[in-house]
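In what follows, a structure is listed as structure tokens, so that the remarks can point back to it.
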Amino acid sequence: MPSINPEVIMHSLKINPACKPVIQKKRNFALERQLAIEQEVDKLLKARFIREVHYPTWLANVVMVRKTSGAWRMCMDYTDLNKACPKDSFPLPQIDQLVDATSGHQMLSFIDAYSGYNQIQMNPTDEEATSFQTDKGLYCYLVMPFGLKNAGQLTND
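Going by UniProt numbering, the first residue of the sequence shown is number 1, and it counts up by one from there.
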């Protein structure tokens, strides 16, 4: 999967140092959901979007959400981590401002918004804060995961 050069953009977490890291109590899943988690983790490992981690200070649970197609979507419960990160209140640009800003330029480039999250790398110092737990082990994201506060701001910039 192509990614954006980290010199251009990289997602960093602004974790309040006064907040105590949280290790969420592990949730158990029925066999169908557990198999879906294992398949998704294998896919993410193969794509190098996640890596195995040991002794993280922040640890989130997996949340399985049923898609309209009947398949499962694997999400992370970053509630505790998001509480420790201040909201980026910088306003999103309006679409008309974005269109007007392209005037006079000979070339434009675009990010594939479908997988925009997976194209932006995490700051290596913040990777382990995105850790999550499964029956097979502990993993953290190397790319910006869905569900982090302020992550949507980056993909809309």
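Positions of the beta carbon are idealized from the N, C-alpha and C atoms, including for glycine.
Computed from a predicted model, the values in this text were never measured in an experiment.
Asked, Found
"Residue environment, Thr130, which counts as buried when at least 16 other CB atoms sit within 10 Å", "buried"
"Beta-carbon gap between Phe146 and Cys75 smaller than 8 Å", "yes"
"Buried or exposed by the 16-neighbour rule on C-beta atoms within 10 Å, applied to Ile37", "buried"
"Residue of Gln106, Leu35 and Val62 minimising C-alpha distance to Arg27", "Val62"
"Gln133 - DSSP class collapsed to helix/strand/coil", "strand"
"Where Ala151 falls: helix, strand or coil (DSSP)", "helix"
"Reduced DSSP category for Ala36 - H, G, I as helix; E, B as strand; rest coil", "helix"
"Buried or exposed by the 16-neighbour rule on C-beta atoms within 10 Å, applied to Tyr55", "exposed"
"For Asn61, three-class secondary structure by DSSP", "strand"
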